[in-house]
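Here the structure is laid out as structure tokens; the discussion comes afterwards.
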Amino acid sequence: MAASSSRDGFFYGGAVPYRSREGLTTRPVGSSDEIQLRIDPMHADFDDEISGLRGQVKLLRNVAQEIGSEAKFQKDFLDQLLLYFLTVEQLNSNLNHWSASNVALFKCCNF
Numbered sequence: 003m004a005a006s007s008s009r010d011g012f013f014y015g016g017a018v019p020y021r022s023r024e025g026l027t028t029r030p031v032g033s034s035d036e037i038q039l040r041i042d043p044m045h046a047d048f049d050d051e052i053s054g055l056r057g058q059v060k061l062l063r064n065v066a067q068e069i070g071s072e073a074k075f076q077k078d079f080l081d082q083l084l085l086y087f088l089t090v091e092q093l094n095s096n097l098n099h100w101s102a103s104n105v106a107l108f109k110c111c112n113f
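Terminal number for the sequence shown in our numbering: 113, no gaps in between.
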């Protein structure tokens, strides 16, 4: 895979990279769970930048927890649905077997 710059959105799912101020930009790194920041000390207020980043981390953690909760709910729902369909399939099989037995009994006894 060719190297990609942060401007084309490769590391951001096609989105424009985060820019808080003109002195703060993101750069791509080797691992998807890492981020590198280059801060221009002439145009940056470090406390504001750090507070902003902490707020974004908290927001992302909350979103990740919601995604995890939704995934668990959907998995449990699909497991229950599969169990329901397997039960219906077994009941249908038993009903077909019972019907065939009764038809054979009816023909045998000439009712």
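Cβ coordinates follow ideal geometry from the N, Cα and C atoms, glycine included.
Collapsing the DSSP output to three states places residue 35 in coil. Look at residue 50 here: in three-state DSSP terms it is helix.
Residue 92 and residue 75 have their C-alpha atoms some 26 Å from each other.
Residue 72 has its alpha-carbon roughly 35 Å from the corresponding atom of residue 49.
Per the coordinates, the alpha-carbon of residue 35 lies some 18 Å from the alpha-carbon of residue 69.
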